[in-house]
């Protein structure tokens, strides 16, 4: 049977943590004498109070968390965070329509970066800081954070970590899962602070530097400006964003190893080499056409090319130029990048390069198996043999991902939207990217969608962020059957 008391206790701990994470936005509101101070404070008190009620209602011996509880906790944690995370919008009146508040919150927590706001710069500073904070919370995963903290509360975490990170890799920095989570978060926090400092040096004020630092490392893409990063027409800021978006799309285990000076192990990663070479290839290929169509200097064409490509591949969603204004062929390329995703173990969404790499390698080896049917031709990633179970899991993932994209596009089309807008909105929501094509291009927003469409896209965002299976398993009858 499922231990619902353990689930309730964890939900309580998460909501108390959410209340603590609202403090920076409250401090910004107080510092800038913003009108949203009390709404933010009330949101924190309600989240913390309800969380404490749940947490202290259950005894410590109720903390049994197995695999099924882990999946439920992960799914419910994103739901609870979304419900309580939208309170600042509702209480401040900045987003008073419930479907819009849900959409903005889910888009933040899943680091999608799609927005319904039509005038971001008119929003109060506290709410904007909370909006950025939701992306930073979701960046490396709510549960990865709680795995590092919950042992202090007497709650184990390995099942949560497994459910939160269902990808095909299992790299560990430390044999204890809690230490792994802690070290990943130290890297995450350190890089976030560093990019904030560099943005400040580059010319952003404190408020903008903090907010863009939060959303850069989260590969989220929320900005405090209506024009996104195009507002800051400063090459230094753009290059800082390019470098840190790329880092945020890198497996954080490899970043940790790089900081320890183990660069040979970083380059030994097949996924990292594929990620690096793919990014470099598209930058070199598209710089020339962008230079031709935009009429800008070659340096800016290179910068725009690198920025847009890395932003889309890492699913960050920042923009410095309208890539839909180029040729149709280039728009198709940018649309294809919505399905890339960066590295497993990073803050990016999407399919991830490890899955693409496994699919391509296995497909090529299949030709060799056809020619030599009796030969044993194993698939190897990073020099290690990939088991049939992992290959099957990846193939199933890719097939289900494609099926959801097709079905989701049909749903959006039946809801009354044109084909390109339907394709774009579903692709960008499922991949947690942000901008797409047609009516949801880099210069547009999602405000025009109907309440049904917004809620449906929210479901796709959560589905993509938790890599399909963590959510879909809850719809399986096998999950709910007693042991």
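In full-length UniProt numbering, the protein residues as written are 1 to 483.
Think of the CB as a built atom: it goes at the ideal place given N, C-alpha and C, for glycine as much as any other residue.
Handout entry: Residue burial classification, residue 368 (beta-carbon count within 10 angstroms, cutoff 16)
Key = Counting from 1 along the chain shown, the entry for residue 368 is found at position 368. The residue is exposed, with fewer than 16 neighbouring Cβ atoms inside 10 Å.
Handout entry: Reference residue 183, options 34, 202, 251, 215, closest by Cα
Key = Counting from 1 along the chain shown, the entry for residue 183 is found at position 183. The candidate whose alpha carbon is nearest that of residue 183 is 251.
Problem - Rounded straight-line distance, which links the Cα of residue 42 to that of residue 245 - result: For this step, residue 245 is matched to residue 245 along the chain shown. For this step, residue 42 is matched to residue 42 along the chain shown. Distance between the alpha carbons of residue 245 and residue 42 is about 34 Å.
Practice task
Give me whichever residues DSSP pairs with residue 380 in a beta bridge.
Solution key: For the purposes of this step, residue 380 is taken as residue 380 along the chain shown, with counting starting at 1. Beta-bridge pairing links residue 380 to 385.
Practice task
Whole angstroms is fine: what's the gap from residue 4's alpha carbon to residue 211's?
Solution key: Against the chain shown, residue 4 aligns to sequence position 4. Against the chain shown, residue 211 aligns to sequence position 211. Cα to Cα, residue 4 sits roughly 37 Å from residue 211.
Problem - Secondary structure of residue 445, DSSP reduced to three states - result: Walking along the chain shown from the start, residue 445 turns up at place 445. Coil.
Exercise for the section: Identify whether residue 319 lies in helix, strand or coil by the three-state DSSP scheme. Expected result: On the chain shown, residue 319 is found 319 positions in, with the first residue counted as 1. The answer is coil: DSSP assigns residue 319 none of H, G, I, E or B.
Practice task
Could you spell out the range, first to last residue, of the alpha helix (DSSP H) harbouring residue 466?
Solution key: Here residue 466 refers to the residue found at position 466 of the chain shown. From DSSP, residue 466 is part of no alpha helix (DSSP H); its letter is neither H nor E.
Handout entry: Where the alpha helix (DSSP H) through residue 42 begins and ends
Key = Against the chain shown, residue 42 aligns to sequence position 42. Element bounds for residue 42: 37-55.
Problem - Simplified DSSP assignment, three categories, for residue 217 - result: The residue given as residue 217 occupies position 217 in the chain shown. Note: residue 217 maps to helix in three-state DSSP.
Practice task
Return helix, strand or coil for residue 114, following the three-state DSSP convention.
Solution key: Within the chain shown, numbered from 1, the residue matching residue 114 stands at position 114. The answer is coil: DSSP assigns residue 114 none of H, G, I, E or B.
Practice task
Determine the contact status of residue 413 and residue 425, defining contact as a CB-CB distance below 8 Å.
Solution key: One-based indexing of the chain shown puts residue 413 at position 413. One-based indexing of the chain shown puts residue 425 at position 425. No.
Problem - Proximal residues to residue 302 (C-beta, below 7 Å), its chain only, five neighbours per side dropped - result: Here the question's residue 302 lines up with position 302 in the chain shown. The residues are 287.
Exercise for the section: On a CA-only basis, which of 312, 134, 320 is nearest residue 300? Give me that one, please. Expected result: Indexing the chain shown from 1 puts residue 300 at position 300. That would be 320, whose Cα lies nearest to the Cα of residue 300.
Exercise for the section: Taking all protein chains shown into account, decide if residue 498 is buried (16 or more other Cβ within 10 angstroms of its Cβ) or exposed. Expected result: Lying before the first or after the last residue shown, residue 498 is absent from the chain, which here runs from 1 to 483.
Handout entry: Cβ contact (3+ pairs, closer than 8 Å) linking the region 462-479 and the region 65-78
Key = yes
Handout entry: With 16 other Cβ atoms within 10 Å as the buried cut-off, status of residue 22
Key = Position 22 of the chain shown holds residue 22. By the neighbour-count rule (16 or more Cβ atoms within 10 Å), residue 22 is buried.
Handout entry: Residue burial classification, residue 161 (beta-carbon count within 10 angstroms, cutoff 16)
Key = On the chain shown, residue 161 is found 161 positions in, with the first residue counted as 1. Residue placement at residue 161 cannot be trusted, given a pLDDT of 48 that sits under 50; the coordinates are not used to answer.
Handout entry: Neighbourhood of residue 163 by C-beta distance below 8 Å, restricted to the same chain and skipping five residues each side
Key = The count along the chain shown starts at 1 and reaches residue 163 at position 163. Here the model assigns residue 163 a pLDDT of 46, short of 50, so the residue's position is not dependable, and the following value carries that caveat. Hits under 8 Å: 67, 70, 71, 73, 74, 143, 470.
Practice task
Figure out for me which residue from 95, 96, 103 has the closest Cα to the Cα of residue 79.
Solution key: Your numbering for residue 79 matches position 79 in the chain shown. Minimum Cα distance to residue 79 is reached at 103.
Handout entry: Simplified DSSP assignment, three categories, for residue 170
Key = Along the chain shown, one-based indexing puts residue 170 at 170. Residue placement at residue 170 is flagged as unreliable, the pLDDT there being 46, under the threshold of 50; the coordinate-derived value follows with that caveat. It is coil, neither helix nor strand.
Handout entry: residue 98, buried or exposed, once every other Cβ within 10 Å from all chains shown has been counted against 16
Key = Against the chain shown, residue 98 aligns to sequence position 98. The residue in question, residue 98, is exposed, as its Cβ has fewer than 16 Cβ neighbours within 10 Å.
Problem - Distance, residue 193 Cα to residue 567 Cα - result: Outside the shown range of the chain (1 to 483) lies residue 567, about which nothing can therefore be said.
Practice task
In the DSSP assignment, find the unbroken alpha helix (DSSP H) run with residue 32 in it and report its ends.
Solution key: Here residue 32 corresponds to residue number 32 of the chain shown, with the count starting at 1. Per DSSP, residue 32 belongs to no alpha helix (DSSP H) and is neither H nor E.
Problem - Sub-8 Å separation of residue 47 and residue 8 beta-carbons - result: Locating residue 47 in the chain shown gives position 47, counting from the first residue. Locating residue 8 in the chain shown gives position 8, counting from the first residue. For residue 47 and residue 8, no; Cβs fall outside 8 Å.
Handout entry: Cβ separation of residue 220 and residue 341, assumed to be a contact under 8 Å, to the nearest whole Å
Key = As a working note, residue 220 is residue 220 in the chain shown. As a working note, residue 341 is residue 341 in the chain shown. So it is not a contact: roughly 15 Å between Cβ atoms.
Practice task
Report the rounded CA-to-CA distance for residue 464 versus residue 107, giving the unit in angstroms.
Solution key: Locating residue 464 in the chain shown gives position 464, where the first residue counts as 1. Locating residue 107 in the chain shown gives position 107, where the first residue counts as 1. Spanning the two alpha carbons is a distance of roughly 11 Å.
Practice task
Determine the DSSP secondary structure at residue 369, reduced to helix, strand or coil.
Solution key: Numbered from its first residue, the chain shown carries residue 369 at position 369. The answer is helix: DSSP assigns residue 369 an H, G or I state.
Handout entry: Backbone CA spacing between residue 405 and residue 427 [nearest angstrom]
Key = By one-based count along the chain shown, residue 405 stands at place 405. By one-based count along the chain shown, residue 427 stands at place 427. C-alpha separation (whole angstroms): 7 Å.
Handout entry: residue 380 classed as buried or exposed, judged by whether at least 16 other C-beta atoms fall within 10 angstroms
Key = Position 380 of the chain shown holds residue 380. Looking at its Cβ environment, which holds fewer than 16 other Cβ atoms inside 10 Å, residue 380 is exposed.
Practice task
Starting from the C-beta of residue 439, find all residues in its chain whose C-beta is less than 6 Å away, skip the five residues before and the five after it, and write them out in chain order.
Solution key: Residue mapping note: residue 439 aligns to position 439 of the chain shown, counting from 1. So the list reads 421, once near-sequence residues are dropped.
Problem - Local conformation of residue 188 per DSSP, three classes - result: Residue mapping note: residue 188 aligns to position 188 of the chain shown, counting from 1. Here residue 188 sits in helix by DSSP.
Exercise for the section: Compute the beta-carbon to beta-carbon distance between residue 111 and residue 349, rounded to the nearest angstrom, for a pair I have assumed lies under 8 Å. Expected result: Sequence index remark: in the chain shown, residue 111 carries index 111 (1-based). Sequence index remark: in the chain shown, residue 349 carries index 349 (1-based). Indeed they touch by this definition, with Cβ atoms about 6 Å apart.
Problem - Classification of residue 330 by the beta-carbon crowding that lies within 10 angstroms, buried from 16 upward - result: Translated into the one-based positions of the chain shown, residue 330 becomes position 330. By the neighbour-count rule (16 or more Cβ atoms within 10 Å), residue 330 is buried.
Problem - Residues of its chain near residue 268, where Cβ-Cβ distance is below 8 Å and the 5 sequence neighbours each way are ignored - result: For the purposes of this step, residue 268 is taken as residue 268 along the chain shown, with counting starting at 1. 382, 383.
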